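Q: What follows is a single structure, and I will ask about it in a moment.
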Amino acid sequence: MDHGNRSGDDVLVVGAGPVGLTAACQLARLGVRPRVVETLERPTTESRAVGVHARSLEMLAALDVLPRLESRGRRIAALEMVDGRTARTRARLELGDAPTRHPYVLDVARPDTEAVLAERAAELGVVVERGVTLTALTQDADGVEVALRSADGERTVPVGWVVGADGGHSTTRHLAGTHLEGGFHGQHFAMADVDVDTPLSPDTIRMFTHPDGMGILFPLAGTRARIMFFVDPPGPDAGAPTLEQIQALADARMGGRVRAHDPRWLTYFEIHHAQVPRYRHGRVLLAGDAAPARAGDHAPDPVADSADPGLVRRYLDDALRLTEPSAV
Ligand SMILES: Cc1cc2nc3c(=O)[nH]c(=O)nc-3n(C[C@H](O)[C@H](O)[C@H](O)COP(=O)(O)OP(=O)(O)OC[C@H]3O[C@@H](n4cnc5c(N)ncnc54)[C@H](O)[C@@H]3O)c2cc1C
Numbered sequence: 034m035d036h037g038n039r040s041g042d043d044v045l046v047v048g049a050g051p052v053g054l055t056a057a058c059q060l061a062r063l064g065v066r067p068r069v070v071e072t073l074e075r076p077t078t079e080s081r082a083v084g085v086h087a088r089s090l091e092m093l094a095a096l097d098v099l100p101r102l103e104s105r106g107r108r109i110a111a112l113e114m115v116d117g118r119t120a121r122t123r124a125r126l127e128l129g130d131a132p133t134r135h136p137y138v139l140d141v142a143r144p145d146t147e148a149v150l151a152e153r154a155a156e157l158g159v160v161v162e163r164g165v166t167l168t169a170l171t172q173d174a175d176g177v178e179v180a181l182r183s184a185d186g187e188r189t190v191p192v193g194w195v196v197g198a199d200g201g202h203s204t205t206r207h208l209a210g211t212h213l214e215g216g217f218h219g220q221h222f223a224m225a226d227v228d229v230d231t232p233l234s235p236d237t238i239r240m241f242t243h244p245d246g247m248g249i250l251f252p253l254a255g256t257r258a259r260i261m262f263f264v265d266p267p268g269p270d271a272g273a274p275t276l277e278q279i280q281a282l283a284d285a286r287m288g289g290r291v292r293a294h295d296p297r298w299l300t301y302f303e304i305h306h307a308q309v310p311r312y313r314h315g316r317v318l319l320a321g322d323a324a325p326a327r328a329g330d331h332a333p334d335p336v337a338d339s340a341d342p343g344l345v346r347r348y349l350d351d352a353l354r355l356t357e358p359s360a361v
């Protein structure tokens, strides 16, 4: 395979979700300006990952994006366990004493996270090429050849390294010849991104216990909130829950304290607990949901994974060794 004259910056990041953008920013800060391709012509409007925890906040602070991110989200000072039938608080965990510079959770909708990271990436000279999809990949010890499809057709491009941050259904993972191992029958949730009327203070994430399944309220900026409920598997043809169904769940399981309106996004989703056996396959590295398929699973954190300086340093070290033909 002839890969031409490669240098340390020919790293392709596949996917401009929170993980791809974070990895791109980290690589750029470390002197490797990656190329980033993203299938979607426009960023998603789905709120998805909303709770950003202390370790990710520390790493996002190092990327100089935290004040911008905080201006779009809401600081959460405590977690509460509430009896869903009586609305009585059973336990409250204050986060203020946590041993971190950021002893709180930041609730922020994913489009805001992406927008801020994309802005930072642009400042660092990274261009996100939208409407470009990775469709094929072959590699040998010296490099990777990828096929990228866009409105202009399909091109084959040589790159030194590929970071697959293309989500739970990762094409990169499939093309690298690996697969997820683990549990594929997880918990099901009905989820709503809505505005809420509630007397409950907005600085607390509340988990409402109920015999039929837990309900969770994540306050976002303003009156916006993410509410979710453990539910039985909705079945393959269920479609999305309606606002009325979400309200009925809230009435039953949130002590009658939450009224939902103005829905932005209603959906069912399932958490899987599966992971690839290895993150690295030759010159292909997998990150975020492409590696552990954890829609909604908070640990380990996908942003923390990709922003981890040690991990990215290892990416970088590997990338810089591109000039040494026997490196891999
Ligand atoms: C319904 C739902 C609800 C969720 N709720 C929560 C939550 O409450 N809290 C939480 O912490 N997490 C939640 N998550 C999980 C969270 O969204 C993910 O952990 C997080 O988005 C992972 O980021 P990522 O960048 O690895 O992947 P993604 O966000 O999936 O981004 C991958 C990107 O790659 C692009 N892409 C895919 N294939 C290609 C290709 N071949 N070529 C180019 N680009 C490609 C996609 O368009 C996408 O933009 C939820 C997920 C879902 C689906």
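Numbering (the numbering used here), first residue to last: 34 to 361.
All residues carry an ideal CB built from backbone N, CA and C; glycine is no exception.
Predicted, not measured: the structure shown is a model, and the values here were computed from it.
#1: Got a sec, what are the start and stop residues for the alpha helix (DSSP H) E79 sits in?
#2: Classify M247 as helix, strand or coil using the three-state DSSP reduction.
#3: Can you list, in chain order, the residues of its chain whose CB lies under 6 angstroms from that of E79, leaving out five sequence neighbours each side?
#4: How many Å lie between D145 and R182 at the Cα?
#5: Is R81 a contact residue of ligand 1, with contact defined as CB to any heavy atom under 6 angstroms?
#6: Return helix, strand or coil for V367, following the three-state DSSP convention.
#7: Compare the beta carbon distance of M287 and G248 with 7 angstroms and say whether it is the shorter of the two.
#8: Buried or exposed: which applies to T204, given that a residue is buried once 16 or more other Cβ atoms fall within 10 Å of its Cβ?
#9: Just curious, the alpha helix (DSSP H) that R134 is in, first and last residue?
#10: Identify, in the order they occur along the chain, each residue of the same chain with its Cβ nearer than 6 angstroms to the Cβ of A223, setting aside the five sequence neighbours on each side.
#11: If we count the other Cβ atoms within 10 Å of its Cβ and call it buried at 16 or more, is L139 buried or exposed?
#12: Compute every distance between the C-beta of T133 and the non-hydrogen atoms of ligand 3, then say whether any falls below 6 angstroms.
#13: Pop quiz: L319 and V309 are said to be a contact at Cβ under 8 angstroms. What is the actual Cβ separation, rounded to whole angstroms?
#14: Could you tell me whether any non-hydrogen atom of ligand 1 is closer than 6 angstroms to the CB of L63?
#15: Compute the Euclidean distance between the alpha carbons of H207 and L96, then round it to the nearest angstrom.
#16: For a minimum of 3 consecutive residues, which ranges assigned as the beta strand (DSSP E) are wholly contained in the segment 149-215?
#17: Have a look at E71, H221, R239, S234 and flag the residue whose alpha-carbon is nearest the alpha-carbon of G268.
A: Once the coordinates are examined:
#1: No alpha helix (DSSP H) contains E79, which DSSP labels as neither H nor E.
#2: coil
#3: W298
#4: 27 angstroms
#5: yes
#6: Residue 367 is absent from the structure shown; the chain starts at 34 and stops at 361.
#7: yes
#8: buried
#9: That residue, R134, is in no alpha helix (DSSP H); it is neither H nor E in DSSP.
#10: F262, V264, P274, Y301
#11: buried
#12: By its list of ligands, the structure shown excludes ligand 3, since it contains just ligand 1.
#13: 6 angstroms
#14: no
#15: 30 angstroms
#16: 161-163, 166-173, 176-183, 186-192, 194-197
#17: H221
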